[in-house]
Amino acid sequence: LLRFAQQEEFDAVLTDVEMPNMDGFTLTERLRQDDKYRDKPIIIITSRNNEEDKRRGIQVGADAYIVKGDFDQNNLIDILRALLG
-6 LLRFAQQEEF
4 DAVLTDVEMP
14 NMDGFTLTER
24 LRQDDKYRDK
34 PIIIITSRNN
44 EEDKRRGIQV
54 GADAYIVKGD
64 FDQNNLIDIL
74 RALLG
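Be aware that the sequence shown starts at -6, since it is given in the numbering used here, and climbs by one per residue.
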């Protein structure tokens, strides 16, 4: 996934935390080190609903952290619109 993102350029990135090979925290952190993604919106969407994970998501560079249990498609669209301006 990281290699794919480095070969392409996207307007925004949506990621889960729990993925094989590399978790979403690490992906976010590594994407932020790439000039192409330094200022692009990155949103973590995950089932992890604890404060420690939320803080970690923001610390590694996520612009938003959405818990799947609270997922609302309209909210996601609103967040993307705000971030993409």
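Note that beta-carbon positions come from the ideal geometry of N, C-alpha and C, so glycine has one too. Computed from a predicted structure; not experimentally measured.
If you check the CB distance, I35 and V10 do not come in under 7 angstroms. In its chain, beyond the 5 residues on either side, Y58 have a beta carbon closer than 6 angstroms to the beta carbon of K47. DSSP places A57 in the strand class (E or B) of the three-state scheme. Fully enclosed alpha helix (DSSP H) runs of no fewer than 4 residues occupy -5 to 0 and 17 to 25 of the stretch -6 to 29, in order along the chain. Measuring C-alpha to C-alpha distances from D28 to each of N43, A75 and Q0 identifies Q0 as the nearest. Restricting attention to L20, M12 and D16, the CA atom closest to the CA of L(-5) is found in L20. A straight-line Cα-Cα distance of about 15 angstroms links Y30 and I37. Per the coordinates, the alpha-carbon of N42 lies some 6 angstroms from the alpha-carbon of V60.
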